[in-house]
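In the numbering used here, the protein residues as written are 62 to 442. For each residue, glycine too, the CB sits at the ideal point set by N, CA and C. Down below is the structure, laid out as structure tokens.
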């Protein structure tokens with residue numbers, strides 16, 4: 062069975078929406094891309110002082126990297142022009158109510174001839190805390206999201222149910238049913254994964270920062286499949302997705318410069334291993350305290366210049382090399398294939414190198430990603 066391929070659609074409010082539609086059309090015409098992956102982000106991972114022409118040539122033409130477009134609106138826009146694509150949207154359990162998310166996802170599913178998937182995580186502080194929400198409520202709200210989705214989908218009468226934060230009182234959203242959107246959990250931890258194997262259609266995690274090797278990923282897949290069996294579910298009907306944090310380019314020198322750069326070493330420092338103590342098992346001292354996790358601690362706009370410099374002083378190019386899947390499209394495809402062989406059923410190569418390239422070179426990012434997808438599809442034949 063061929064792995065399902067997804068390419069990220071990185072949308073911002075500076076670009077004309079027609080550019081997103083053009084990317085979607087290119088993905089359709091390739092014949093090797095199944096879905097677009099759209100990130101529901103409020104702001105990016107980098108402190109503002111690291112976005113300048115001195116750090117990235119793209120900063121000369123892009124005023125900031127924080128002006129994300131709304132993921133759900135963009136998904137509807139691109140599906141209108143490319144309905145033969147599926148769409149996967151990553152979001153959190155906190156910022157949208159479960160009834161509203163149900164309505165949006167069933168609408169998007171009607172727009173696609175493929176599958177509309179929502180990947181729901183417990184949330185990232187940078188998306189939540191500055192806007193008046195509480196990150197600590199993430200897991201309980203995720204439980205509400207998953208349970209409410211099923212209650213509304215299965216309903217033939219108005220629904221009343223008690224949740225952790227959201228209660229339904231005679232909630233009725235009509236009887237319209239076409240294909241059912243898929244609902245996955247996004248992230249890790251025992252509570253989140255238990256909710257996933259109980260209620261979700263799949264899970265997605267990040268490589269290499271969570272699973273540095275295919276063997277580590279396979280161990281997790283085997284454990285989750287056993288959990289699904291214990292719960293009376295078919296493990297072959299459950300998807301195992303991977304986002305690959307990647308740097309893709311034909312020129313190895315370009316990649317080596319990126320790995321040594323302040324811009325990408327920052328990402329390696331905060332995100333290269335999500336559990337900081339793991340760095341020690343690989344022979345490195347963690348750049349941040351052992352209990353520091355980006356999802357609960359990272360607020361990029363609050364970092365001072367001195368704090369940024371202190372972190373960068375602790376992240377070497379070698380550490381950055383371990384924080385990304387990197388290489389030519391052929392090399393990256395081979396690295397991804399190893400995870401497919403280990404049990405991944407859905408993959409998305411999240412190549413972030415283009416935001417550090419010259420603008421003309423950055424435009425080739427989609428073509429590189431499509432080449433990776435083509436190689437993965439060919440390997441399954």
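With H, G and I counted as helix, E and B as strand and the rest as coil, what does DSSP make of residue i?
i, result
"residue 64", "coil"
"residue 211", "helix"
"residue 153", "strand"
"residue 420", "helix"
"residue 178", "strand"
"residue 168", "helix"
"residue 409", "strand"
"residue 326", "helix"
"residue 383", "helix"
"residue 402", "helix"
"residue 351", "coil"
"residue 217", "coil"
"residue 205", "helix"
"residue 230", "strand"
"residue 369", "helix"
"residue 148", "strand"
"residue 388", "strand"
"residue 334", "coil"
Between the options, which has its C-alpha nearest residue i's C-alpha?
i, options, result
"residue 71", "173, 100, 65", "100"
"residue 258", "408, 204, 153", "204"
"residue 131", "115, 414, 103", "103"
"residue 312", "167, 414, 201, 434", "414"
"residue 409", "128, 77, 150, 135", "150"
"residue 355", "299, 436, 183", "183"
"residue 170", "161, 436, 148", "148"
"residue 294", "388, 321, 346, 255", "255"
"residue 209", "194, 197, 230", "230"
"residue 247", "68, 152, 317", "152"
Assuming residue i contacts residue j under a Cβ cut-off of 8 Å, what Cβ separation, rounded to an integer in Å, is found between them?
i, j, result
"residue 142", "residue 82", "4 Å"
"residue 155", "residue 189", "6 Å"
"residue 111", "residue 323", "7 Å"
"residue 275", "residue 206", "Contact doesn't hold; Cβ gap of about 30 Å is too wide."
"residue 251", "residue 309", "No, residue 251 and residue 309 are not in contact; Cβ-Cβ is about 33 Å, not under 8 Å."
"residue 133", "residue 165", "5 Å"
"residue 262", "residue 215", "In fact, because the Cβ distance is near 14 Å, the residues do not count as touching under 8 Å."
"residue 418", "residue 118", "7 Å"
"residue 191", "residue 172", "About 31 Å separates the two Cβ atoms, so there is no contact after all."
"residue 202", "residue 228", "Not a contact, Cβ separation roughly 13 Å."
Does at least one heavy atom of the ligand COA sit under 6 Å from the Cβ of residue i?
i, result
"residue 423", "Here there are no bound small molecules, and the ligand COA is not part of this structure."
Point to revise | Inside the stretch 237-317 only - alpha helix (DSSP H) runs reaching at least 4 residues | key: 251-260, 275-291
**Study point:** Segment contact flag, the stretch 234-247 with the stretch 170-179, C-beta cutoff 8 Å, min 3 pairs
**Key:** yes
**Study point:** Three-pair Cβ contact test at 8 Å for the stretch 226-242 versus the stretch 272-289
**Key:** no
Exercise for review: Could you tell me whether the stretch 377-384 touches the stretch 324-337, where touching means 3 or more Cβ pairs closer than 8 Å?
Suggested key: yes
Exercise for review: Evaluate contact between the stretch 265-277 and the stretch 384-391, counting only Cβ atoms and requiring at least three cross-stretch pairs below 8 Å.
Suggested key: yes
Check your understanding: If you pair each beta-carbon of the stretch 392-404 with each one of the stretch 359-370, do three or more pairs fall below 8 Å?
Key -> no
Practice item. Report the residue ranges of all beta strand (DSSP E) runs contained in full by the stretch 67-125; include only those spanning at least 3 residues, in chain order. Key: 96-100
Point to revise | At least three beta-carbon pairs within less than 8 Å, the stretch 73-93 to the stretch 430-438 | key: yes
Review point. Three or more beta-carbon pairs under 8 Å between the stretch 105-123 and the stretch 365-376, yes or no?
Key: yes
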